[in-house]
Amino acid sequence: MERYDPKTIERKWQDVWERERAFYVPNPGAGELDRHARKTYVLEMLPYPSGELHMGHVRNYMLGEVVAHFRRRHGYEVMRPMGFDAFGLPAENAAINEGGHPREVTQRNIAAIRRQMERMGWAIDWDRVLATHEPEYYRWTQWLFLRFYEAGLAYRKEAPVKWCPNDQTVLANEQVIDGRCERCGAEVEVRNLEQWFFRITAYADTLLEEMALLESWPERVLTMQRNWIGRSEGSEVVFRIDELEVDLPVFTTRPDTLFGATFFVLAPEHPLVPKLVEGSPHADEILDYARHAAARSAVDRADPEKEKTGVFTGRFVTNPVNDHRLPVWISDYVLMEYGTGAIMAVPAHDERDYAFAQRYELPVKVVVVPAEGEVEGDAAYVGHSEDEKLVDSAQFSGMPSPAAKEAIVEWLESRGRGRPAVGYRLRDWLLSRQRYWGCPIPILYCDECGMIPVPDEDLPVLLPEVAEYLPKGRSPLAAAEEWVATTCPACGGPARRETDTMDTFVDSSWYFIRYCDARNDGEAFDRAVADYWLPVNQYIGGIEHAILHLLYARFFTKVMNDIGLVGFREPFARLFTQGMLHYHGAKMSKSRGNVIVPDEYIERYGADACRLYLLFIGPVEQDAEWQDAGFEGIVRFLNRLWRVTLAAAPAPAADVPDTPLARKTHATIARVTDDIGRRFALNTPIAAVMELVNEISRTPADPAARFAAETAVSLIQPYASHIAEELWERLGHERLWEEPWPEADPAMLERETFELVVQVNGRVRDRVEVAVGLSEDELVARAKELPRVRSHLDGKPVRKAIVVPGRLVNLVV
RNA sequence: GCCGGGGUGGCGGAACGGUAGACGCGGGGGACUUAAAAUCCUCUGCCCGCGAGGGCGUGUGGGUUCGACUCCCACCCCCGGCACCA
4 MERYDPKTIE RKWQDVWERE RAFYVPNPGA GELDRHARKT YVLEMLPYPS GELHMGHVRN
64 YMLGEVVAHF RRRHGYEVMR PMGFDAFGLP AENAAINEGG HPREVTQRNI AAIRRQMERM
124 GWAIDWDRVL ATHEPEYYRW TQWLFLRFYE AGLAYRKEAP VKWCPNDQTV LANEQVIDGR
184 CERCGAEVEV RNLEQWFFRI TAYADTLLEE MALLESWPER VLTMQRNWIG RSEGSEVVFR
244 IDELEVDLPV FTTRPDTLFG ATFFVLAPEH PLVPKLVEGS PHADEILDYA RHAAARSAVD
304 RADPEKEKTG VFTGRFVTNP VNDHRLPVWI SDYVLMEYGT GAIMAVPAHD ERDYAFAQRY
364 ELPVKVVVVP AEGEVEGDAA YVGHSEDEKL VDSAQFSGMP SPAAKEAIVE WLESRGRGRP
424 AVGYRLRDWL LSRQRYWGCP IPILYCDECG MIPVPDEDLP VLLPEVAEYL PKGRSPLAAA
484 EEWVATTCPA CGGPARRETD TMDTFVDSSW YFIRYCDARN DGEAFDRAVA DYWLPVNQYI
544 GGIEHAILHL LYARFFTKVM NDIGLVGFRE PFARLFTQGM LHYHGAKMSK SRGNVIVPDE
604 YIERYGADAC RLYLLFIGPV EQDAEWQDAG FEGIVRFLNR LWRVTLAAAP APAADVPDTP
664 LARKTHATIA RVTDDIGRRF ALNTPIAAVM ELVNEISRTP ADPAARFAAE TAVSLIQPYA
724 SHIAEELWER LGHERLWEEP WPEADPAMLE RETFELVVQV NGRVRDRVEV AVGLSEDELV
784 ARAKELPRVR SHLDGKPVRK AIVVPGRLVN LVV
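When we follow this note's numbering, the leftmost residue of the first sequence carries the number 4, and every step to the right adds one.
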């Protein structure tokens, strides 16, 4: 018998697929847009071309591969495009390490990855391929930026921002993890710089509310986004420094504790600090403290082990509820970037305020107590439910905490000293970067006219060639003097170009729409075509993008919908986040140096073995460990499938007789279909087909052997596409990828007998093969007869008998 | 601290309230072979027993149920997110 030779087979079928354009899906014509119900858009997050693909990537892309094949064979028109997230830090840093120009290194990596993907035999529509660093693409990224600018959603301002001293650029808040740069791990600094922002905070509530429109997203991703947005309802209360005639509003979620405020605290960076201390004999000391406190690193300042520090300003504010005068302090435990940068301190009911009050011997006044019981004296009492009530709070005393919150805010509002307010943790998205390898921001500065957007017809603003692209703290683009100096489109006078580039995450915030119309030179995309394909039916990617890419893409989509560019509100209806592949106990990644690349495995064992193994290894949503040992089993399985199928092939493809093997085959169809289609379990279908192949191998003379082998080949096709096509052809058929998915015959799933499990008091005591269709009484009677059951009944009367038809009898004595 | 996910043989894992450990790896025994590889057969949770058989077993302790890896309560451990957010 001819041996299974993956190399030849795989090359052969990859050529056939390409020649016959098997996985290319054209857009619908104008009259076909109503076919929407039959389309499926399967999308995986696009790779960074910062190196080659490793086995972790292979596992990720296998998910989309199986889903795409499965849906196509169910009659759907499946679009599965691919692209490259080519701009940005990952690619640029790779170029710096490899010592080439970012464009050359990026393009080399793109070519290598594409070749790897082709060798894996993935069903991808390469007609739609895009790379975000190509002017054909980033022209439209710039165009979209200008639409955001016009809508007031892209703006420039000076603000304290996060600066990575290693990467020499500012970062978005989302790119700072525990005070460190998400990419390089360096501790970030805070700098006051003028930067570009997207007004994502204007969409904070929408991003929360419209989670309801999502069909199926993992709960943990939604939770992470909710935490990140960090919405909390409260109120703004205005305190006042009478002698300076200065109002100091605070944000609080606990207006019910206003009568318990005993001091007041400003963040060290608060802009009113200099004014407050003006003329004070201690002004210098106080300002000195404020400067030092503000300069502490974010990591240091957030360390809960470090004791809070502070200094008294000598000023007092008036509490609007009772006109009490509260001393104003400055302390590093109050953050300028949350709320108003000022707080009312209620030590009796807030742990941080309590700790500060202890340290500086400030008074503690209890105003909320449990309805029953006592308040412990040595800690803040933080309860505020229906079971807590107010005391020592004038006319509000005796009210339950929640009602008191409302009543006090209403009372303040009527006097113009407060109002309901909502606080968010989310900050605007800082999108400008002082790096070379990114999309230029299409803005000009004219001495006469000020800030001017580049006219649409002048797009793209091409990324200039520069001699030196290494990061130096200001954008390398500034060195391209001829490029920077330009003409103002409004007055014709001299103007300068914006030299910062955009964050990579801007590029990837709309690529999923561009795929629909990737070759369009006249516009970013045709809206009708975008509305046909989107939202993405199944999006697949890593959990590491739970709040970066996935939040930004949702924001972009909502803005594009609001300004009339698309007809949908959410980009990704269903999201699946797969687990990471580990090797030697750590996430497989180039930076850790523990990658296994598929190439030599493809060479030795074939792409199909890799494809199968990476899904067989465990549930795709969980992390998995690469083990060479397990790979052997898959190689054996493929060889067995090959032998068993070729052995069965000569039999005539006659009507399938009703045999045990035929029934097993139908049961396997049902299992595999349910696992992939409904449960999204991609490891168990492989086990099911293995079982079937083992069964054929054990009963080669069964008249249904050919049918069973054919079915095994058909069911494994989404996983091992090459060997499946080859065997399908050798079975005398044509094109398996176009073949409808097999259907289980319900009649063949029914059985004439079944193994009745007999329990006594819930413990299995015996099993017996019985006919289907016996009455419950007959089943109980059969069960009682069994010798082993009788010995356990021990002559005692059966008190109760539970019968699960087709399964078991449980006798209770 | 708050939120989310997870804890099952020597290992990866299966079991969608009804036979715990499918499938695969590893290991033992055997067949084929001069031999090896490949392939095939067979056994393989732990303990007691020659055996028939029995007992114990899904992180821990309770509970619901005729029946719990699965549902509920409390706790322990691991992974991830948020966290001086007022």
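Glycine residues also receive a C-beta, built at the ideal position from the N, C-alpha and C atoms.
On a predicted model such as this, the values are computed, not experimentally measured, just so you know.
Closest Cα partner of residue i within the set the options
i: Gly567; options: Ala154, Pro50, Arg131 and Gly798; result: Ala154
i: Leu789; options: Arg318, Gly636 and Asp769; result: Asp769
i: Arg477; options: Thr502, Val457, Asp459 and Gly495; result: Thr502
i: Gln361; options: Asn230, Gly313 and Phe319; result: Gly313
i: Gly419; options: Glu340, Val324, Ile546 and Arg355; result: Val324
i: Met693; options: Asp705, Ala589, Leu739 and Val638; result: Val638
i: Thr676; options: Met120, Gly182, Ala747 and Ala651; result: Ala747
i: Pro467; options: Ala481, Val370 and Val249; result: Ala481
i: Gly680; options: Asp287, Phe73 and Glu239; result: Phe73
i: Thr490; options: Ser219, Pro458, Tyr514 and Trp513; result: Pro458
i: Ser794; options: Thr144, Val763, Met591 and Ala134; result: Val763
i: Pro9; options: Asp611, Gly621, Ala704 and Thr260; result: Asp611
i: Gln581; options: Ile543, His552, Gly596 and Pro721; result: Ile543
i: Thr671; options: Tyr51, Pro479 and Phe710; result: Phe710
i: Pro373; options: Trp332, Arg83 and Tyr384; result: Tyr384
As assigned by DSSP and simplified to three states, the class of residue i
i: Tyr586; result: strand
i: Leu685; result: coil
i: Ser235; result: strand
i: Gln720; result: coil
i: Glu694; result: helix
i: Ile446; result: strand
i: Pro373; result: strand
i: Phe254; result: strand
i: Glu354; result: helix
i: Tyr472; result: coil
i: Phe266; result: strand
i: Cys613; result: helix
i: Asn195; result: strand
i: Tyr384; result: coil
i: Glu478; result: Strictly speaking, residue 478 in this sequence is Ser, with Glu absent from that position. Here Ser478 sits in coil by DSSP.
i: Ala407; result: helix
i: Asn813; result: strand
Contact belief for residue i with residue j at Cβ below 8 Å, rounded distance in angstroms
i: Glu47; j: Asn63; result: 6 Å
i: Arg76; j: Trp629; result: So it is not a contact: roughly 30 Å between Cβ atoms.
i: Val469; j: Ala483; result: 5 Å
i: Ala493; j: Ile455; result: 6 Å
i: Lys561; j: Gln171; result: With a Cβ gap of about 32 Å, Lys561 and Gln171 do not count as contacting.
i: Glu391; j: Ser404; result: 4 Å
i: Ile232; j: Arg428; result: 7 Å
i: Ala673; j: Ala712; result: Not confirmed; about 18 Å, so no contact.
i: Glu485; j: Ile12; result: That belief does not hold up - the Cβ atoms of Glu485 and Ile12 are roughly 55 Å apart, past 8 Å.
Beta-carbon proximity of residue i to residue j, cut-off 8 Å
i: Pro258; j: Asp335; result: no
i: Asn176; j: Arg436; result: no
i: Phe151; j: Phe201; result: yes
i: Leu664; j: Ile719; result: no
i: Gly735; j: Ala656; result: yes
i: Tyr472; j: Tyr439; result: yes
i: Val241; j: Ala345; result: no
i: Gly263; j: Ala397; result: no
i: Met85; j: Ile113; result: no
i: Arg69; j: Tyr535; result: Here the sequence assigns Val to residue 69, which means Arg is not the residue at that position. Taking 8 Å as the Cβ cut-off, Val69 and Tyr535 do not qualify as a contacting pair.
i: Val394; j: Val369; result: yes
i: Tyr140; j: Leu133; result: yes
i: Phe528; j: Pro574; result: no
Check: residue i C-beta below 7 Å from any heavy atom of the ligand ATP
i: Phe399; result: The ligand ATP is absent from the structure shown, which contains no ligands of any kind.
(request) Mind listing, in chain order, the continuous beta strand (DSSP E) runs of no fewer than 3 residues lying wholly within the region 556-586? (result) Runs found: 578-581 and 584-586.
(message) Restricting to runs no shorter than 3 residues, where is the beta strand (DSSP E) found entirely within the region 491-520?
(response) With a minimum length of 3 residues, the continuous beta strand (DSSP E) runs that stay inside the region 491-520 are 497-500.
(request) Run through the region 42-114 for me and flag every whole alpha helix (DSSP H) of 4 or more residues, listed as ranges in chain order. (result) Counting only runs of 4 or more, we get 58-75 and 92-101.
(request) Counting only runs of 4+ residues fully inside the region 277-314, write out the alpha helix (DSSP H) ranges in chain order. (result) 286-298 and 301-304
(request) Please list the segments of the alpha helix (DSSP H) lying wholly inside the region 727-798, counting only runs of 4 or more residues, in order along the chain. (result) 749-752, 779-788 and 790-796
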